[in-house]
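Everything on this sheet refers to the single structure shown next.
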Amino acid sequence: MSELIELQNVSLKAADMVEEGRVHKDLYSNPEIFEEELNKVFNHTWVYVGHESEVPEAGSFKTAYIGRQPVILSRDRKMNLHVLQNRCRHRGATVCEARKGKTKAFTCPYHGWGYGLDGSLRALPKPEEYDGVFDKKEMPLESLRVETYNGLVFATFKDDIEPLEDFLGGAKKWIDLFMKQGGGYPVKVLGEHRFNFPGNWKIQLENTTDAYHFPIVHKSFVTSLDEATADIFDFLDGEGFVEDLGNGHSVMVMIPQLVDLEADLDQPIPDRFAELAQALREEGKSEDEVKKLVRAAHGTGFNLNLFPNVSCSMAFFRVLRPVSVGETEIQHVALGGEGAPEAFNRKRMRLHEHFQGPMGFGTPDDGEAWERVQKGAQAGTDGWILVNRGMNNLHESRDGNVAGAVCSETGMRGAYRQYKKMMAAAGADQTAEESK
Amino acid sequence: MKSNTELLAKVTEFIGYEADLLDHKGYQEWLSLWTDSGLYIVPADLNETDYLSTLNLALDDADMRRMRVARLENGESVSANSVGSTVRMMSRVRVLEAGDDLVIARCAMTLNELRHGKLVTYPANVEYTLKPSGDSFKLEQKVVKLLHADGFLRTVSFIF
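Chains A and B supply the protein sequences, listed in that same order. Numbering-wise (the numbering used here), the first sequence opens with residue 11 and increments by one. Numbering-wise (the numbering used here), the second sequence opens with residue 120 and increments by one.
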C-alpha cells in the first residue's frame, strides 16, 4: 500500500544519496541538488572545453560552457590558448555569440569595449571618463586556468587544484590510444551534432559506460549492419571489461581487438570498408597505408569516460552540458585526420551520421531510454537507482585498477565515487568568483 | 513574374503526395519515389553546400534510406515506436529551375510531431531536385534545411 509521502526526500544531503552500488533517484530531479552540483562539481574541477583542432590558427576561437557559464576558447597571435569568461567587464553583456570563427578582437555590442584574443581590454569609446577611475589593465575578460593533454583542452576556475595531467592520471594512456584514429594524421574535429534531452546530466554520464543497454536499445542499429559488423558489436559475452581509472574516470573496452589501432595491421579488409580501401589505393596509397587508414576508420573499441563532461567514445567526443535539473545538451563531435585523404574523412563522417546525432540510428533510442529514466525517477520518494551490476565479479587490472565485466557498472560507481567526494567536500560552498 | 502554371501544379502535387506518404508512414512507397542515385540530406550546417564533404544530420543514399525505413518499420526501435504521428504543411512552392532533365523547386515546410503527448515543431526550407518520369517525377535530391539545424534539436525518429 502506498502512503502519503513527502514530495522530496529532504532528509538526505546529496553526498549521502550516493552509496557504493546505488544512488538516490532525487539526484536526477531535485533542483537544489542541481545548483549545488554546478558549484561543487563544475566550478571545482577540470572541465573539457574543446579540441585544439577547433582553434587551429592565431585568431581562431570557439564558444563553450562550463556548467551554465559561457566561456570563449581562443588562440592568440603567439598561438597560446586562453579560456575567457564571455562577459564584458563593463555591464556584463556577452562579447561573442558565434559558435566558432576567426577574429582579431572581441567587441562588446553594448558600448563597444574591445578585448584582445588574450582577454586584455584594448580599447573603449571615450576613455577619458575613466581617467583616474581605473586603468584598462585592470579590466581584462576574466580568464580561467587552461591546460591541454594530447589535443584535449580543459579549463577550471580553480587555481589550487592539481595539474590536468595529475587529474587525468590513468586515463592518459587511453587518451593516447584514442588519438591513434587519425590513421597516422593528427586527429581533427570534422563537425558536430547537437541535441538535447529532457533529463538530468548524470543519466548521460552513466550511459557512456553502460554496455549492458547496447544490444537492447540499439537492436535496430545492429540489424542495419552487415553480419560481420553485427558480430563485432555482439560484445557482451566477449573479453571486454570496464576499468575504474580513478578521479571519476573509467574505460569500457567493448571490442578488445580494436584497443590499439596501430596493432594487427595485417588483418584482411572488412567488406564494409572495401570501397574506402579502393578509393585510397586509387589515390596512390600503399597497401600498408591503406590497411592503417581502414583500421583507423573503425574508431577504437572502447569508451573513455572523463569526469564530469566528456567521453572519448569509440570514434567521437561526447560532450555534455547540464542546463537544468531536467535538461541536458549533448554534442557528438565527429573526428577525422588533419590532412588525411578526403575518402577517409568522408567515410568517418558517414559512419558518424549512421549512429550519432539527433537523426542517427542510435542516439534517438538512447534519448528515449534517458527520457524514461527522468520520468520514472519521479515515482515515489525513496527510490534508488542501482549501479551494483558486476560488484560480485571484480578483478585487478594489469594497471592495478579495479575492473569488472564489460557489462558491469564499474565505471558508473567510479564516477559516483568522485561525485560523492566533490559534493561532500568541506569549504566547497563558495562560488567560483569568491574562490578567486 | 510569369509562372509555368502547369509545371508548378505538377511539382506541388508531387510535393504534397510525398508529404502525405511520410505523414501516413507509407515508407515503402516513399522509397520507390527515388532514383537509384538520389540523396536525402538534412544538413547540420546551413552554410555548406558540399554535402558529401560535410557532416550532416542525415545523408542517405539508397542503402541508408532502405535501412532508415527498416528501422522505423521493424518494431525494434523504442524511439520510433514512441512517435505518435506527424503532420506537415508544405507551402510557398516555387520552381527555381525548369529543365527537361531536372526540375529544381523550393518550398516551406512546418512539420509537427506528437511524441509522449508533446507537440514539437520543425520549420524548414525544403529543396527538391526532381527528375521527370512519366507523368510525374522521381526524387534525385531532397535537402531539408531546418531553421534550427545548428541548435540543439530533439531526437528524430521519423523522416522529414
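The C-beta atom is built at its ideal place from N, Cα and C for all residues, glycine as well.
Sheet register partners of residue i (DSSP bridge)
i	result
glutamate 337 (chain A)	A:Ser334
glutamate 253 (chain A)	A:Val261 and A:Ala413
glycine 201 (chain A)	A:Ala344
lysine 264 (chain B)	B:Asn244
asparagine 313 (chain A)	A:Met262 and A:Ser323
serine 198 (chain B)	Beta-bridge pairing links serine 198 (chain B) to no other residue.
serine 255 (chain B)	B:Ser252
With 16 other Cβ atoms within 10 Å as the buried cut-off, status of residue i
i	result
glutamine 95 (chain A)	buried
glutamate 67 (chain A)	exposed
glutamine 147 (chain B)	exposed
serine 172 (chain B)	exposed
aspartate 376 (chain A)	buried
glutamate 175 (chain A)	exposed
threonine 338 (chain A)	buried
valine 320 (chain A)	buried
serine 334 (chain A)	exposed
glutamate 352 (chain A)	exposed
methionine 359 (chain A)	buried
serine 84 (chain A)	buried
leucine 396 (chain A)	exposed
glutamate 381 (chain A)	buried
aspartate 220 (chain B)	exposed
threonine 124 (chain B)	exposed
methionine 432 (chain A)	buried
Spatial neighbours of residue i in its chain, beta-carbon cut-off 6 Å, leaving aside the 5 residues before and after
i	result
leucine 258 (chain B)	Leu152, Trp153 and Gly157
valine 275 (chain B)	none
tyrosine 222 (chain A)	Cys417
phenylalanine 277 (chain B)	Val202 and Thr205
lysine 110 (chain A)	Lys72
histidine 61 (chain A)	Gly161 and Val199
glycine 256 (chain A)	Gly179 and Gly180
Proximity below 9 Å, CB of residue i to CB of residue j
i	j	result
serine 39 (chain A)	asparagine 210 (chain A)	yes
leucine 268 (chain A)	phenylalanine 312 (chain A)	yes
lysine 261 (chain B)	tyrosine 247 (chain B)	yes
histidine 362 (chain A)	leucine 272 (chain B)	no
glycine 250 (chain A)	methionine 262 (chain A)	yes
leucine 404 (chain A)	glycine 390 (chain A)	no
glycine 258 (chain A)	glutamine 428 (chain A)	yes
leucine 22 (chain A)	aspartate 36 (chain A)	yes
aspartate 86 (chain A)	glycine 126 (chain A)	yes
glycine 194 (chain A)	alanine 74 (chain A)	no
leucine 140 (chain B)	valine 222 (chain B)	no
arginine 213 (chain B)	threonine 229 (chain B)	no
alanine 350 (chain A)	valine 227 (chain A)	no
leucine 330 (chain A)	leucine 178 (chain A)	no
asparagine 411 (chain A)	glutamate 253 (chain A)	yes
methionine 324 (chain A)	glycine 309 (chain A)	yes
lysine 146 (chain A)	arginine 155 (chain A)	no
Contact with chain D by residue i, beta-carbon distance below 9 Å
i	result
methionine 228 (chain B)	Checking the listed chains, one finds no chain D in this structure; the protein chains it contains are A and B.
Proximal residues of chain B, C-beta to C-beta of residue i below 7 Å
i	result
glycine 452 (chain A)	This structure cannot settle anything about residue 452 (chain A), because the visible part of chain A is limited to 11 through 446.
lysine 229 (chain A)	Glu195
histidine 362 (chain A)	Leu174
glutamate 285 (chain A)	Ordered by position in chain B, no residue passes the 7 Å Cβ test against glutamate 285 (chain A), which lies about 11 Å from the chain.
phenylalanine 205 (chain A)	Phe271, Leu272, Arg273 and Thr274
glutamate 107 (chain A)	Going along chain B, no residue has its Cβ under 7 Å from glutamate 107 (chain A), so there is no contact; the nearest lies around 12 Å.
methionine 359 (chain A)	Leu174
Amino acids of chain A, ordered along the chain, whose beta-carbon sits closer than 7 Å to that of residue i
i	result
valine 161 (chain B)	Met369
Same chain, Cβ closer than 8 Å to residue i, five either side skipped, listed in chain order
i	result
alanine 103 (chain A)	Arg97, Cys118, Pro119 and Tyr120
alanine 268 (chain B)	Val161, Pro162, Ala163, Asp164, Leu165 and Leu176
aspartate 159 (chain A)	Reading the sequence as shown, one finds tyrosine at residue 159 (chain A) and not aspartate. Cβ neighbours of tyrosine 159 (chain A) beyond the five flanking positions: Leu174, Glu175, Leu178, Lys182 and Ile185.
Sequence-distant residues of its chain with Cβ nearer than 7 Å to residue i (five each side left out)
i	result
isoleucine 242 (chain A)	Ile265
serine 153 (chain A)	His92, Val93, Leu94 and Gly129
serine 234 (chain A)	Phe371
leucine 215 (chain B)	Ile223, Ala224 and Arg225
proline 208 (chain A)	Gly336, Glu337, Glu381 and Gln384
Interface partners of residue i on chain A, CB under 9 Å
i	result
aspartate 164 (chain B)	Gly201
alanine 177 (chain B)	Glu363, Gly367, Met369 and Gly370
Interface partners of residue i on chain B, CB under 8 Å
i	result
arginine 132 (chain A)	Those do not exist, as arginine 132 (chain A) stays about 29 Å from chain B at its closest Cβ, beyond 8 Å.
threonine 233 (chain A)	Ala189, Arg190, Asn193 and Glu195
arginine 219 (chain A)	The question names arginine, yet the displayed sequence has threonine at residue 219 (chain A). The premise fails here: threonine 219 (chain A) is roughly 20 Å from chain B at the closest Cβ pair, so nothing lies under 8 Å.
glutamate 352 (chain A)	Ser172
Per-residue contacts from residue i into chain B (C-beta, under 9 Å)
i	result
glutamate 339 (chain A)	Phe271
alanine 344 (chain A)	Leu174
arginine 356 (chain A)	Leu171 and Ser172
Contact test: residue i Cβ vs the ligand ATP heavy atom, cutoff 8 Å
i	result
valine 28 (chain A)	For the structure depicted, the ligand ATP is absent and the ligand set is empty, with no information on it obtainable.
Chain-ordered chain A contacts of residue i [CB-CB under 8 Å]
i	result
serine 210 (chain B)	What serine 210 (chain B) touches in chain A: nothing, since even the nearest Cβ is about 24 Å away.
serine 201 (chain B)	Glu378
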